[in-house]
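Following: one structure in structure tokens, then a few remarks.
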Amino acid sequence: MTAVQLDGRQVAASIFDEIGRRIHARLEGGGSRPHLAVVLVGDDPASETYVRMKRKNSEDAGIESPDYHLPSTAATDEVLGLVERLNDDPAVSGILVQAPLPAQIDSAAVMERIDPARDVDGLTPYNAGRLAIGSPNLVPCTPAGIIELLDRYGIELAGRHAVVIGRSNLVGKPVSLLLLYRHATVTICHSRTPDLAAESRRADVLVAAAGQPHLVQRDWVKPGAAVIDVGVSRVDGKLVGDVEPEVAEVAGWLTPNPGGVGPMTRAMLLLNTLRAEELRRPLPS
Ligand code: NAD
């Protein structure tokens with residue numbers, strides 16, 4: 009068997025088009041243009057690349073997307089001050105603070121300062137709490153993108169066994185909750201899980217979000233399972249996922265990496281930005 013590719017690039021392209029059409033209709037109806045403020049601190053090349061891709065997708069869809077670039081020596085107070093200015097700016101629909109922040113910055117304090125109504129990453133305590141109680145508002149983009157991708161390929165989740173490798177606030181925990189709300193039986197694995205291979209083999213849907221190159225091997229995968237490769241690591245200058253390529257010989261579905269989860273994450277960021285604007289400034293009646 010060769011796995012069907014879960015083509016995030018193609019699905020994201022159609023979502024970008026849908027967003028573009030919705031924004032066009034919103035402007036025609038007298039509504040405001042969504043505005044995504046992206047905060048980048050320092051000169052991490054990977055972060056700069058991500059920010060560039062997000063800006064291009066935003067602009068193509070009709071979202072205004074200015075960057076706010078602070079030097080790598082910036083102090084926590086400077087970042088907090090910028091976040092506050094953006095919180096107070098009526099034009100700003102969404103605020104994204106690109107992770108990772110330099111070590112001297114208190115990342116949790118920065119996250120907590122973002123206005124939850126503009127938290128398009130869905131990572132503030134308010135939005136994380138809303139998700140935890142099953143009443144989501146703005147949902148983290150990578151987990152939302154994974155569910156959207158599974159949905160667009162018609163992969164059943166209710167009653168299936170989902171195994172998530174990773175328990176971070178960014179990916180592992182929120183995707184586990186989203187799978188649970190879709191009535192999957194969810195196992196969350198992490199660095200202290202004793203027999204990761206055995207847990208993985210039980211998965212109908214396997215989400216690998218550990219950031220460990222080629223952690224998931226061919227014989228860890230149940231034949232026919234849907235495998236989502238979230239991890240991105242740099243090995244000898246090349247980007248490598250958490251899933252070894254031979255998994256494609258047994259899985260039913262597999263995300264390419266790159267070209268799977270990454271574009272879906274950016275598509276959900278734009279959707280969250282549009283949603284935040286729609287909620288904050290509904291169309292005039
Ligand atoms: P993280 O480092 O915060 O969390 C990693 C999790 O994996 C932890 O919970 C840890 O317990 C678990 N883990 C680590 N090593 C393990 C092992 N050997 N066995 C089992 N569990 C293990 O990372 P994160 O922010 O959750 O991101 C995970 C990966 O996904 C990273 O490679 C990141 O770059 C990537 N990522 C990709 C996208 C995208 O859009 N493509 C978005 C977010 C994150």
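Heads up: the sequence shown begins at 9 in my numbering, then just goes up one per residue. Backbone N, C-alpha and C define an ideal beta-carbon position, used for all residues, glycine too.
Top-ranked residue by Cα proximity to Gln112, from Asp15, Leu94, Ile163, Pro79: Pro79
Could you name each continuous alpha helix (DSSP H) segment of 4 residues or more that falls completely within the stretch 174-249, going from the start of the chain to the end? 180-189, 204-209
From Arg34 to Gly102, what distance separates their C-alpha atoms? 17 Å
Evaluate contact between the stretch 130-141 and the stretch 155-171, counting only Cβ atoms and requiring at least three cross-stretch pairs below 8 Å. no
For a test of the three-state rule: what should DSSP assign to Tyr161, helix, strand or coil? coil
When you compare only the Cα positions, how much space is there between Leu109 and Val213? Cα to Cα, Leu109 sits roughly 32 Å from Val213.
If we require 4 or more residues per run, which alpha helix (DSSP H) segments fall completely within the stretch 63-149? Fully enclosed alpha helix (DSSP H) runs of 4 or longer: 84-96, 115-121, 133-140.
Am I right that Val255 and Val235 are in contact with their C-beta atoms under 8 Å? What's the rounded C-beta distance? 6 Å
In the DSSP assignment, find the beta strand (DSSP E) that holds Val49 and state where it starts and stops. 44-49
For Gly50, I'd like the list of residues in its chain whose CB is within less than 6 Å of its CB, leaving aside the five on either flank, ordered along the chain. So the list reads Ser80, Pro110, once near-sequence residues are dropped.
Neighbourhood of the ligand NAD [Cβ distance below 6 Å to any heavy atom], ordered by chain position: Thr150, Ile173, Gly174, Arg175, Ser176, Leu178, Val179, Gly180, Cys197, His198, Ser199, Thr201, Leu204, Ala217, Ala218, Gly219, Gln220, Leu223, Val238, Gly239, Val240, Ser241, Val269, Gly270, Thr273
In terms of alpha-carbon separation, which member of Val118, Asp237, Pro231 lies closest to Leu90? Val118
For the alpha helix (DSSP H) containing Asp52, list its first residue and its last residue. Counting along the chain, Asp52 falls outside any alpha helix (DSSP H), and DSSP gives it neither H nor E.
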